[in-house]
Amino acid sequence: MEAYPVPADGVSVCEEIKKSRFITLLAPTCGVDAAKAFIQQVKEEHPTARHHCWAFVAGAPGDSQQLGFSDDGEPSGTAGKPILAQLMGSGVGEITAVVVRYYGGIKLGTGGLVKAYGSGVQQALKQLPLVSKVPQLEYTLQCDYAQLALVENLLQQMEGRILHGEYGADVILHLALPATETVAFGNKLRDLSRGNLQLTPISQ
255 MEAYPVPADG VSVCEEIKKS RFITLLAPTC GVDAAKAFIQ QVKEEHPTAR
305 HHCWAFVAGA PGDSQQLGFS DDGEPSGTAG KPILAQLMGS GVGEITAVVV
355 RYYGGIKLGT GGLVKAYGSG VQQALKQLPL VSKVPQLEYT LQCDYAQLAL
405 VENLLQQMEG RILHGEYGAD VILHLALPAT ETVAFGNKLR DLSRGNLQLT
455 PISQ
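Under our numbering, the residue at position 142 of the sequence shown is numbered 396, and the numbers go up by one with no gaps.
Shown next as structure tokens:
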């Protein structure tokens, strides 16, 4: 699992096409629930708009389980799909786009709609500030109290963190590690503990 770009902040772009006003809003949204919440927020901010068309890539760029789109009353395939195509083509993850249309009385036709919805997102993407996100993987690790300081020190070096721990006769830690560091962390852990400690992946 490699690092991928995500929005650092939201952006908006407004343009008028044949008297219709198109407002394109992009926002960082980690997960489907966050994407849906942003869509609802935009609808509430623009209650008199004719259409609120949207698409999201709510996870990593290649995660087909976290995609969604809607034409919101526009002819099928003229709004949501062009918006989603722009998002997927950008390679950006954890992003939602909503395009608000205030109808100006002149029909654009299917080709005109596809172009209008797609180009608004394209323009907004050019202005979007990005940061790199490294996916986190979760593991369990069992150690004794004498080894705990060693584990904590190694986690600090590798930018890992303890999500929670069970402190009984032994210590069982639930860890999160950057995907780019898991192999190195596992190797160092084995070396420092002389093979006594090893990570157990948690299926996600």
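Even glycine gets a Cβ: it sits at the ideal position worked out from N, Cα and C.
query                                                                                                                                         : result
State yes or no: is the C-beta of Gly422 within less than 8 angstroms of the C-beta of Phe439?                                                : no
Of all the beta strand (DSSP E) runs that stay within the bounds of the stretch 263-337, which reach a length of 3 or more residues?          : 265-271, 274-282, 305-311, 321-324
Can you tell me which residues form a DSSP beta bridge with Ala351?                                                                           : Leu280, Ala309
Can you check whether the CB of Ile426 is closer than 8 angstroms to the CB of Thr350?                                                        : no
For Arg355, count neighbouring Cβ atoms within 10 angstroms of its own Cβ and tell me buried if that reaches 16, exposed if not.              : buried
What residues in its chain sit with their C-beta under 7 angstroms from that of Leu338, if we drop five residues either side in the sequence? : Ala309, Leu321, Phe323
Is Gly347 close to chain C, meaning its C-beta is less than 8 angstroms from at least one C-beta of that chain?                               : Although the question refers to chain C, the structure presented lacks it and comprises just one protein chain.
What do you reckon, are the CB atoms on Leu404 and Ala433 nearer than 8 angstroms?                                                            : no
Is it right to say Asp459 is buried, meaning 16 or more other beta carbons lie within 10 angstroms of its own, or is it exposed?              : This structure cannot settle anything about residue 459, because the visible part of the chain is limited to 255 through 458.
Quick test of your reading: Lys272 and Ile360, contact by CB under 8 angstroms. State the CB separation rounded to the nearest angstrom.      : 4 angstroms
Less than 8 angstroms between the beta carbons of Ala281 and Pro383, yes or no?                                                               : no
Measure the C-alpha to C-alpha separation of Lys335 and Glu299 and round it to an integer number of angstroms.                                : 23 angstroms
Between Glu420, Pro329, Ala312, which has its C-alpha nearest Gly217's C-alpha?                                                               : This structure cannot speak to residue 217, because the chain is shown only from 255 to 458.
Count the other CB atoms within 10 Å of the CB of Ser344; is the residue buried (16 or more) or exposed (fewer)?                              : buried
For Pro259 versus Gly347, is the C-beta spacing smaller than 8 angstroms?                                                                     : yes
Taking the alpha carbon of Ala288 as the reference point, which residue from Val311, Cys268, His306, Thr302 has its own alpha carbon closest? : Val311
Given a cut-off of 8 angstroms on the beta-carbon distance, is the pair Cys397 and Leu451 in contact?                                         : yes
Here's the rule I'm using: 16 or more other beta-carbon atoms within 10 Å means buried, otherwise exposed. How should Thr302 be labelled?     : exposed
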